[in-house]
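Scroll down for the structure; my scribbles are underneath it.
Chains as they are written, first to last, in the UniProt record's numbering: chain A, 1 to 403; chain B, 1 to 403.
Put into structure tokens, the structure is as follows:
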């Protein structure tokens, strides 16, 4: 058989990084590469009880469910969102297989091949992949510590006439930064004036550090103060605040947008696991999710603090970073002459891994960045990881200076 | 906000049927419309135990899983498939959110807009929707009681140069028929000669009646006698033999095909629920799935028998059907002048529902067909349903003759 694949497979090419990280399998490598929450803080007993409660309802729980998702869970999420200033009814919400599927479905119903999507520079690599598979043209907008540059956004909207902008304003992946209120408002304002849809991806929003108040980082969606007719479509997930295996995310927005997303989802997979959705509903009824989120915040902040302290202690020449106000990552800038993909090869030899920054750029990549995850590694391993990283860097510097 | 949706939404239009069936909600309508397995036969206790066994493994079970799916479950499915003459390793298999997602992913990686896909006449309506959303050209091949017409298949391959053919050879949805061995072999032979990929959709294959042996209806995939390089990609699901809420299907085929599907799935949703996958693995280890399937077969056959007996007893003028050898549906042909979409409106008034045949045709629909599901309705309701259907039909005949 001579297989004749579609053009789309080109956009799903395996990255060089993935190939390098494959080398880590089966070895005692300490990985700062993944985006994994820490299983130590999964509410495993509560989740187990939640499943048992589901089974108390009888056999009906195992039947096909609604494409939109389990109605009582949509109601629970609606209450949860109200605490964040997001006021939506269940007709403004679709449950998805993680927020990754939300990105994919919105791209299907909103983007035609050749349409332009603006993204942050840098941005989430798996979103880039979805947009590329749709043959969209992806254009990066300049960003600084406060978020997207409003001047560059305005300029690129005029130049490229985008249909959509994709942003992670709160504790971004990979950069860990939180946008200022002014940038959030400015982006909303500019996009509304130009009829550009905003896809606000918010998987990390709950993971804020420093005892920040719940309204410290208002979502762009909440700033628009309307669900129907909103310029913003918002997505989040239980993956980081409960557990990823349950694969439950949500996407909220205008009812017509949700209707089209629901029809696309029906063709894509009929519906996501309704076992997981029913269990999450039971969990939200019987478990103190907010006390649990407080615990995660405290633990993750301590790990972030340790990582930043180690970066300071190593005192590598010309290395910079912005201390994250939340989330799961520190985004580290190395001196210009350090190619982090090259560094990764040496790091893997030294038995430590990270993600080189290249993959997070939709266009011209910066080659001297690296993303370090601080949530999944325990304290002793973190120290070891930095010693290994130090050895890899010293080897690299020797090679570079020898050239 | 003036939303600017993609062209794709056109293919996800809500059907007239779906609108009519919405009217059934909240009323005491007996539905022969759905494709629901009977919750009475879900192995609920065993599934509950399986979940509890998963939680005995510790918190790690709640972490992100592999895009390919939980490895031990892929091994269990591999053993299960070997009983059906399908010999594949785990690298030949991807786990999906039901077989619906398998259809969607293969369409993405194999079909470009404008490519031709051949299908049975009639065929599964949600597959048509996926192909349309990809802007494929769908061409129906004539079928009779033994399956696809090999002459028409050959002719349409020459005429339309299709890239793929989509078939449900065993207890088809909607027609309930099982292809003869000759047609299976013939289709494989013709497709191999012409380099046309076969997508074999087999959700119902285990539900065979009349004590048929396990090799009575060999899959086309098994006839090709190779996984790598095969002209066939095969998909099935736990939805009909365990329960749909667990949303776990699989797609098997050549390793390169599976690799591309896996990359597409990674962008689509990272992975399906690994809770469900882990529970299904425990179920397959600790539960006699084959005794359970025997039970379902017996019960569903009895219901099919009752439905066919009721059809005979009603003795409607000019009504015909082929008695199913398995599966979940009887496909009923009404006299030419009976439009079943019109009949459905009257049926809903009489508080019974079915699916009119129209939706199952990719091109010129036949308007006098209806699909009746026999798995979900109990014995007393089935009798009532046919009385109501009879009243609707008599009302329709009066209107037709009065015209």
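C-beta: ideal position from N, C-alpha, C; glycine also. Every value quoted in this text rests on a predicted model; they were computed, and no experiment measured them.
Which of helix, strand or coil DSSP assigns to residue i
i: residue 52/B; result: helix
i: residue 237/B; result: strand
i: residue 201/B; result: strand
i: residue 320/A; result: strand
i: residue 252/B; result: strand
i: residue 31/B; result: strand
i: residue 232/B; result: strand
i: residue 123/A; result: coil
i: residue 73/A; result: helix
i: residue 1/A; result: coil
i: residue 139/A; result: strand
i: residue 261/B; result: helix
i: residue 472/B; result: Shown here, chain B extends from 1 to 403; a query on residue 472/B therefore has no answer.
i: residue 338/B; result: coil
Cα-Cα separation between residue i and residue j, rounded to whole angstroms
i: residue 269/B; j: residue 38/B; result: 29 Å
i: residue 343/B; j: residue 222/B; result: 41 Å
i: residue 315/B; j: residue 232/B; result: 42 Å
i: residue 63/B; j: residue 142/B; result: 48 Å
i: residue 54/A; j: residue 23/B; result: 29 Å
i: residue 151/B; j: residue 308/B; result: 31 Å
i: residue 107/B; j: residue 251/A; result: 24 Å
i: residue 326/A; j: residue 290/A; result: 16 Å
i: residue 153/A; j: residue 194/A; result: 11 Å
i: residue 116/A; j: residue 4/B; result: 12 Å
i: residue 236/B; j: residue 214/B; result: 16 Å
i: residue 112/A; j: residue 257/A; result: 15 Å
i: residue 396/B; j: residue 348/B; result: 13 Å
i: residue 173/A; j: residue 200/B; result: 40 Å
i: residue 286/A; j: residue 293/A; result: 15 Å
i: residue 301/B; j: residue 103/A; result: 43 Å
i: residue 355/A; j: residue 354/B; result: 54 Å
i: residue 97/B; j: residue 263/B; result: 15 Å
i: residue 145/A; j: residue 178/A; result: 8 Å
i: residue 27/B; j: residue 366/B; result: 29 Å
i: residue 124/A; j: residue 184/B; result: 46 Å
i: residue 324/B; j: residue 310/B; result: 15 Å
i: residue 210/A; j: residue 59/A; result: 46 Å
i: residue 70/B; j: residue 274/A; result: 18 Å
i: residue 234/A; j: residue 220/A; result: 8 Å
For residue i: DSSP bridge partner residues
i: residue 206/A; result: Answer by DSSP bridge pairing: none, since residue 206/A is not bridged.
i: residue 371/B; result: 331/B and 355/B
i: residue 144/A; result: 147/A
i: residue 178/A; result: 170/A
i: residue 326/A; result: 208/A
i: residue 86/A; result: Paired residue(s): none; residue 86/A is not in a bridge.
i: residue 118/B; result: 139/B and 165/B
Contact set between residue i and chain B, taken where Cβ atoms lie within less than 8 Å
i: residue 324/A; result: By Cβ distance, chain B contributes nothing, its closest Cβ being about 21 Å from residue 324/A, past 8 Å.
i: residue 111/A; result: 6
i: residue 1/A; result: 192, 195, 197, 229, 230, 231 and 254
i: residue 47/A; result: 55 and 62
i: residue 264/A; result: 8, 9, 12 and 133
Beta-carbon neighbours of residue i, restricted to chain A and to distances below 7 Å
i: residue 124/B; result: Near residue 124/B there are no residues of chain A at all, since even the closest Cβ is about 12 Å away, more than 7 Å.
i: residue 9/B; result: 109 and 260
i: residue 72/B; result: Residues of chain A passing the Cβ test: none, with the nearest at roughly 15 Å.
i: residue 163/B; result: 4
Residue i burial status per 10 Å Cβ neighbour count (16 or more: buried)
i: residue 335/A; result: exposed
i: residue 312/B; result: exposed
i: residue 392/A; result: buried
i: residue 187/A; result: buried
i: residue 132/A; result: buried
i: residue 45/A; result: exposed
i: residue 50/A; result: buried
Contact test: residue i Cβ vs the ligand FAD heavy atom, cutoff 7 Å
i: residue 331/A; result: The ligand FAD is not among the ligands present in this structure, which contains no ligands whatsoever.
Chain A residues whose Cβ lies nearer than 9 Å to that of residue i
i: residue 117/B; result: Residues of chain A passing the Cβ test: none, with the nearest at roughly 12 Å.
i: residue 374/B; result: By Cβ distance, chain A contributes nothing, its closest Cβ being about 17 Å from residue 374/B, past 9 Å.
i: residue 147/B; result: The contacting residues do not exist; residue 147/B stays about 22 Å from chain A at best.
i: residue 329/B; result: Correct list: empty, because the minimum Cβ distance to chain A is about 16 Å.
Chain-ordered neighbours of residue i on chain B, where CB pairs are closer than 9 Å
i: residue 394/A; result: Chain B residues near residue 394/A: none, gap ~33 Å exceeds 9 Å.
i: residue 355/A; result: Going along chain B, no residue has its Cβ under 9 Å from residue 355/A, so there is no contact; the nearest lies around 15 Å.
Legend entry - Positions along the stretch 181–207 of chain B whose CB lies within less than 8 Å of some CB in chain D: Note that chain D does not occur in the displayed structure, where the protein chains are A and B.
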